[in-house]
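Here the structure is laid out as structure tokens; the discussion comes afterwards.
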Amino acid sequence: VQLVESGGGLVQAGGSLRLSCAASGSTFGINAMGWYRQAPGKQREFVAIIMGNGTTNYADSIKGRFTISRDSRDNTKSTIYLQMNSLKPEDTAVYYCNAGYGLARPYWGQGTQVTVSS
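Here the sequence shown stands for residues 78 to 195, where the numbers follow the numbering used here.
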């Protein structure tokens with residue numbers, strides 16, 4: 078399984094970005110896709126996840142500002158998005174797409190840089 082992220086960039090505080098993650102390869106059975114992020118000098122942390130049944134879960138730090146969704150046009154459910162609004166400098170990080178099967182999510186993308194300037 079390969080995960081490819083896109084959509085990162087530089088934005089001013091208060092702005093918005095939308096990240097995309099497309100999964101390819103042996104994606105049959107994957108029922109969980111989500112996002113993590115890692116800021117400089119910090120550990121990688123959970124951001125959001127969407128399950129195969131559409132259930133979502135978010136980190137407290139981004140609730141109400143970020144929305145995870147799936148491409149409704151994609152019957153294979155292998156493309157997800159992270160809409161990020163009201164961005165803050167502390168959201169600056171490399172954002173990684175993650176996918177797998179329930180709690181076992183071994184697949185990672187290469188990451189996309191998000192930089193929020195104050």
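Beta carbons: idealized from backbone N, C-alpha and C, even for Gly. Keep in mind that this is a model prediction, so the values were computed, not measured.
Out of Gly131, Ala116 and Asn130, the CA that lies nearest to the CA of Val124 is found in Ala116. A contact between stretches requires three or more CB pairs, one per stretch, nearer than 8 Å, and the segment 87-97 meets this requirement with the segment 149-164.
Counting only runs of 3 or more residues that sit fully inside the segment 112-173, the beta strand (DSSP E) segments are 122-128, 133-135, 143-147 and 156-161, in chain order. Contact between Ile145 and Gly111 holds: CB atoms are separated by about 7 Å, below the 8 Å threshold.
The shortest CA-to-CA distance from Thr132 to any of Gly177, Asn108 and Gly118 is the one to Asn108.
In the DSSP assignment, Leu96 falls within the beta strand (DSSP E) that extends over Leu94 to Ser101. Assigned with DSSP and collapsed to three states, Val191 falls in strand. Around Thr156, the same chain offers Ala99 and Asp148 as residues with beta carbons nearer than 6 Å, after the five sequence neighbours per side are excluded. In this structure, Tyr172 places its C-beta atom within 8 Å of the C-beta atom of Thr189. Taking C-beta atoms as the reference points, Ala176 and Val78 count as a pair closer than 8 Å. With a cutoff of 8 Å on beta-carbon distance, Ala90 and Val191 are scored as not near each other.
Here Val78 carries a coil assignment [DSSP, helix/strand/coil].
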